[in-house]
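FYI, in this note's numbering the residues of the sequence shown are 30 to 265.
The beta carbon of each residue, even a glycine, is placed where N, CA and C say it ideally should be.
Since the structure is predicted, the reported quantities are computational estimates derived from the model, not experimental observations.
Read the structure below first, then the notes.
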Amino acid sequence: MPERSFRTNLDRYLRKEDTFLARQLHRCVPLQGYAYRNSEAKRRTDRIIAFPMAACALPLIAILAIAKKLEDGGSCFYTQQRLDQHREPIDVVKIRCMRPDADQNMGANLHNAVRFGEDKDPRNTRLGSFMRKFELEELPQLLWVWKNLSLVEIRSAPQYVFDHLHRMCPDWADEWEEYYFSGRPGIFSLNSAVNRKRKDDTRRYHLDALYARKASLGLDLFVLYRTVVRMIDKLL
30 MPERSFRTNL DRYLRKEDTF LARQLHRCVP LQGYAYRNSE AKRRTDRIIA
80 FPMAACALPL IAILAIAKKL EDGGSCFYTQ QRLDQHREPI DVVKIRCMRP
130 DADQNMGANL HNAVRFGEDK DPRNTRLGSF MRKFELEELP QLLWVWKNLS
180 LVEIRSAPQY VFDHLHRMCP DWADEWEEYY FSGRPGIFSL NSAVNRKRKD
230 DTRRYHLDAL YARKASLGLD LFVLYRTVVR MIDKLL
């Protein structure tokens, strides 16, 4: 109980905008929302934080890639096209979690992810389920922060996600697209950090919209903190 209370209080402290820490961070980068999302300060901060993370991740990426090759003889990595800030496709590399050729039906991908949860998708291999539980397949994306991804932003998405939202949530799909394309898509997001049901479209919309409006250095650090807490909770 004391540990839970401490974490709750820390969480509340980091979320507030009127604390000593929040004021100091705002003094360092006094930008918010669209201005912050497209600022050089955010770009520099993303790269400064991503560099040591990527350096530490490289040995683990190599080990997981070799283990994946030994598991089923298929390719170690999987390239998926996502849409960038300019609506252009970009190639994002992940460690392959599924059996070979399991990704041919994009509609089935989305259906299975929602129905079973990504780590319990029946198309995953045994190693793939483990990687997805702790999101280790995403580690190679840290290297893409030097190219066309942000470290923290609205999470980068493939075209079929846009098609799905327009089909299932036409009332706000256009507004979500506007938020998405008004910044450089990222790896970690407010939605993935705090939403236990990340595939819940309505909840995702509200959290992505909140980030788009309130983005700041303090909010980015909060997202990274909550991501670490979420990974620790999965280990316990």
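Check: Exposed or buried, what is Gly-247 when buried is set at 16 or more other beta-carbons lying within 10 Å of its beta-carbon?; Outcome: buried
Check: Beta-carbon within less than 6 angstroms of Val-122's beta-carbon, same chain only, minus the 5 sequence neighbours each way: which residues are those?; Outcome: Phe-106, Thr-108, Pro-169
Check: Do Gly-157 and Arg-184 come within 8 angstroms of each other at the CB atom, strictly closer than that value?; Outcome: no
Check: Return the bridge partner residues of Phe-217 from the DSSP annotation.; Outcome: Val-181
Check: Would you tell me roughly how many angstroms separate the C-alpha atoms of Arg-73 and Tyr-208, rounded to the nearest one?; Outcome: 22 angstroms
Check: Any chance you could list the beta strand (DSSP E) runs of at least 3 consecutive residues sitting entirely within the segment 87-141, in chain order?; Outcome: 106-112, 118-124
Check: Taking all protein chains shown into account, do 16 or more other C-beta atoms lie within 10 angstroms of the C-beta of Glu-46, making it buried, or fewer, making it exposed?; Outcome: exposed
Check: From Tyr-189, Arg-259, Leu-172, pick the residue whose C-alpha is nearest to that of Ile-78; which is it?; Outcome: Leu-172
Check: Of the residues Leu-264, Asp-262, Ser-104, which one's Cα is nearest the Cα of Ile-124?; Outcome: Ser-104
Check: How would you write the range of the alpha helix (DSSP H) that Leu-264 sits in, first residue to last?; Outcome: 246-264
Check: Among residues of its own chain, excluding the 5 on either side of Leu-165, which ones have a beta-carbon nearer than 8 angstroms to its beta-carbon?; Outcome: Leu-89, Leu-93, Ile-124, Phe-159
Check: Using CA coordinates, which residue listed in Thr-231, Lys-162, Lys-71, Leu-60 is at the minimum distance from Val-174?; Outcome: Lys-71
Check: Closest to Val-252 by CA distance: which of Arg-196, Tyr-65, Tyr-240, Arg-155 is it?; Outcome: Tyr-240
Check: Between which residues of its own chain and Ala-186 is the CB-CB distance below 8 angstroms, once the five residues before and five after are set aside?; Outcome: Arg-111, Leu-112, Tyr-209, Pro-214
Check: Shorter than 7 angstroms, the distance from the beta carbon of Gln-188 to the closest heavy atom of the ligand NAP, or not?; Outcome: Only the bare structure without any ligand can be found here, which leaves the ligand NAP out of the picture.
Check: Note down the Cα distance separating Leu-60 from Ala-51, rounded to an integer number of angstroms.; Outcome: 12 angstroms
Check: Have a look at the DSSP bridge pairing and note the partners of Asn-67.; Outcome: DSSP lists no partner for Asn-67.
Check: Can you list, in chain order, the residues of its chain with a C-beta nearer than 7 angstroms to that of Arg-201? Leave out the 5 residues immediately preceding and following it.; Outcome: Note that residue 201 is Trp in the sequence shown, not Arg. Tyr-234.
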